[in-house]
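Okay, so here's the structure we're looking at.
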Amino acid sequence: MKPHLLSRRLSKAAALLCLSPAFVYGQGDDRKTKFDVFDYINPFIGHSFPGATLPFGMAKAVADMDGANQGGFASDASFVTGFSHTHDSGTGGPGSMGNFPIFVHPGCPDDNLTRCGWQKSDRAVGWDRRSTKAQPGFFGIALDNGVHAEMTVTNHSALYKFSFPEAAPESLNPVVLVDMADLQASRHNGTTSVDPETGRFTGSATFEPSYGIGTYRIHFCADFSGPKIRDTGIWMDDGATPGKRTVSLNSSGLGGVFTRFKPPRVNGTIDVRVGISFMSAQQACSNAEKEHPNFNFEDTVAVAKAVWKEKMDVIRLDASGVSTELQTVFWSGIYRTMISPQDYTGENPLWKSDEPYYDSFYCIWDSFRGIHQLITLVDPLSQSRMVRSLVDIYRYEGYLPDCRMSLCKGLTQGGSNADVLIAEAYLKGILDVDWDTAYQAVVKDAEVEPENFNVEGRGSLQSWKTLGYIPIHDSNTTAKGLRTRSISRTVEYAYNDFCIAQMAKHMGHDDDYKKYMKRATNWENVFKPNQTSSWRGSNFTGFLQPRNADGTWAHQDPMFCGPYLQPDSCLMDENAKETYEGSSWLYTFYAPQDMAKLITVLGGPSRFVDRLSFFHDSGLLNMGNEQAFLPVFQFHYAGRPALSTERAHSYIPRLFNTSIGGLPGNDDSGAMGSFAVLSMLGLYPVHGQDVYLISAPFFKEASIRNRITGNVATIRNINFDPKYKSIYIQNVTRDGKPWTRNWIGHDFFTKGGTLEMTLGDKESSWGTRIEDLPPSMSDYRW
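Each residue of the sequence shown is one higher than the last, beginning at -15 in our numbering.
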């Protein structure tokens, strides 16, 4: 690649942002139009992180709201409680990170420190709903106390600008405090200090991860630019003590430090520079000093914008006639997909390594179904670094993670699905990965039971190898872990083994290939052919069911844990049942390795199409969870690709739109956004395989430039109808030659070329022949 000739200011500032080469190289923008991608990025869609961040950046600054867990800020929350610098995006469950929030009072009533609010509940303040502004690299909000807050970031530090245009001048003696807290109040201990000469805050504390085990220690350093310092001190509980410099707290205490300033000049601001580090407070200070040497807010915003635009520049659209809403759904989805995982390279205190270290794989059970496929298309260098990081985690932790956040092991929701992610990266030719070690890692998942399979690897491996399924309440294991989810773990383990088999085949491990392909059929061992469902109107037979260790069948209503019957009863707890976050109705469709066999046992293609259609039409499918993604496109396997396109249009933009509630579920680090983007491109990837299912795109033309090869893959629609009445593919050509398969491989994106689709208003015979169906372990025999 040749360096992209950005401006001199960008080149200098990029070094301060600590960007990897992927962030500052690429082809320039040769478009002559006035298109600005920022006009189509809305960070407020769904309950995702809307604050300031760089692509995969560690620092994430936003206003934290009382009761908002999924990214610090929520548009439907009432009160701002602080501004913090570390967040995850779109996750469910307890609040994640939000360490060391700062808060600004324009002044204390009667200039009396004891009358200021110090604790979160006391300092919480309303905000102007019309004031919020967010774009990549920037967030702004106006508070009811007269403080206007703006923030931007570099990779390891945040820069805040606080102004007071609505505060009464006579009461303006601003107080900036820091709270030794996080969003879920998980601190175990901590110490923070203030320098009375400079006002600098430094501190360190130990917290718990939001969806895992153990603790992590994080450090911060805050400096100020603006008015002169009046005094400094500490605060504890609901009182402040000027003159003291340090406060230490255990898990039960509340407190921090503060700096009070003299009145700013007219139209003046207080700028706060906050560095963060997982290594030390000294490194946090160094990060901030290197990345924001001059507190230059406008330049930092400009560089962040340029970096984001360069990231987006690999995709070009001809969006003629397409609504602004749909374009916003598309570009916002790409944006959210690049918020996490987060690049913590150089910030890992657990081991020394020359390899990249990424964190906030939160969780791979979600992200392996769409996020990493989209990153592979738009930023394969970052995908390479993420896979290398996963392999390095295996080297030092002993297992690949299924979920990881804040340097801690996260909970394992199903199978060992990093196996799927790694196998797919191998099949698609991701570069610079130690594939021999990666193969060792996935094989260990398949063969060696960990001490605690709640957080890594797989449990019940002895039963898996001997019985060919995970029995209900399995007692044939000494490992720690929940004896639940026997159905969902069985089908996920089977697919994990299939993915390992594909690596084994291409790497020359023939015996392993045979072994894992045999295990990939184990989903059949929990399929009960005569099982029926209690759902009214359903006359379909054959569902996955739990089995006892002696081979006899147990029972779980196929509707159970679906939208209509106790949907929250299949989670991560001792009382959970035999599927995870979904019903047997859902999991019965999960055999991506052998859809030909699944369709056969479900009664053949016609019956399968009826069943899959019923699954969508009845509402039994919950599009708010990631397992729902692939069933949108599984009509391809039955020779009805047109129906997959119909389903994609039935959900976008109805459930994926630009409203605050414009996602059907938690975004889960960008998973929902990636589904929308990939669906709208018309090439939906089957996770773990080198297969993209072809459907009609939502645009007249879309092009993706490969960052490594420089080649451009173009998807073009003939007879494109922006009203989406003509959404049925009549025929396809690849580089001018007929293409009858309803799927295509990743080489289309690496080699480049043109996939041209002619559309019509009625379903055609294109892609319907047996020889045109996607790969399957078994032969299609109908």
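Idealized CB from N, CA, C, for every residue including glycine.
- With contacts defined as CB atoms closer than 8 Å, Val131 and Val88 qualify as a contacting pair.
- If you ignore the 5 residues before and after Lys104, its C-beta comes within less than 6 Å of the C-beta of Thr65, all in its own chain and listed in chain order.
- A residue is called buried once 16 or more other Cβ atoms fall within 10 Å of its Cβ, and Asp297 is buried on that count.
- Per the Cβ contact rule, the stretch 528 to 535 is not in contact with the stretch 478 to 487 (fewer than 3 Cβ pairs under 8 Å).
- For the 8 Å CB-CB criterion, His539 and Gln529 form a contact.
- The continuous stretches of alpha helix (DSSP H) do not include Phe19, and DSSP gives it neither H nor E.
- In the structure shown, the three-state DSSP call for Leu743 is strand.
- Taking a 10 Å sphere around the C-beta of Gln266, we find fewer than 16 other C-beta atoms and assign the residue as exposed.
- Sequence-distant Cβ neighbours of Val375 in its own chain, meaning closer than 7 Å and more than five residues away, are Val417, Asp418, Thr421, Ala422, Ala425.
- For Trp537, the beta-bridge partners assigned by DSSP are Arg531.
- Under DSSP, the beta-bridge partners assigned to Ile86 are Phe67, Val162.
- Where Phe598 is concerned, the enclosing alpha helix (DSSP H) starts and stops at 589 to 601.
- Annotation: Ala680 to Phe314 spans about 15 Å, alpha carbon to alpha carbon.
- Nearest to Ala58 by alpha-carbon distance, out of Thr75, Met164, Thr321, is Thr75.
- Assignment of Met370 by DSSP, reduced to helix, strand and coil, places it in the helix class.
- Straight through space, the alpha carbons of Phe598 and Phe619 are spaced by roughly 12 Å.
- Proximity to Thr693 across Tyr708, Asp731, Gly720, Gly672 peaks at Asp731, based on C-alpha coordinates.
- Given a length threshold of 4 residues, each whole run of the alpha helix (DSSP H) inside the stretch 298 to 359 is given here in chain order: 308 to 321, 348 to 351.
- By the C-beta density criterion, Trp750 is buried, having at least 16 other C-beta atoms within 10 angstroms.
- Per DSSP, the continuous beta strand (DSSP E) segment holding Pro669 begins and ends at 667 to 669.
- By the C-beta density criterion, Lys746 is exposed, having fewer than 16 other C-beta atoms within 10 angstroms.
- Counting along the chain, the unbroken beta strand (DSSP E) around Glu134 starts and ends at 132 to 137.
- The way I'd put it, the stretch 194 to 209 does touch the stretch 267 to 281; three or more beta-carbon pairs between them come closer than 8 Å.
- Annotation for Ser568: the continuous alpha helix (DSSP H) segment containing it runs 568 to 571.
- Following the DSSP letters along the chain, one finds Pro226 inside the beta strand (DSSP E) bounded by residues 223 to 226.
- Take Ser32, set aside five residues on each side of it, and the residues of its chain with a beta-carbon closer than 6 Å to its own are Gly55, Ser73, Gly74, Arg320, Asp651, in chain order.
- Relative to Thr738, the option among Tyr712, Ile688, Pro706 whose CA is nearest is Ile688.
- Taking all protein chains in view, the Cβ of Leu415 is surrounded by fewer than 16 other Cβ atoms within 10 Å, so the residue is classified as exposed.
- The C-beta separation of Pro90 from Gln357 comes to about 48 Å, leaving the pair out of contact by the 8 Å criterion.
- Contact between Gly217 and Thr230 does not hold, since the beta-carbon distance rounds to 11 Å and is not under 8 Å.
- Rounded to whole angstroms, the separation of the alpha carbons of Pro758 and Arg372 is 29 Å.
- Ile644 sits exposed, since fewer than 16 C-beta atoms from the chains shown fall within 10 Å of its C-beta.
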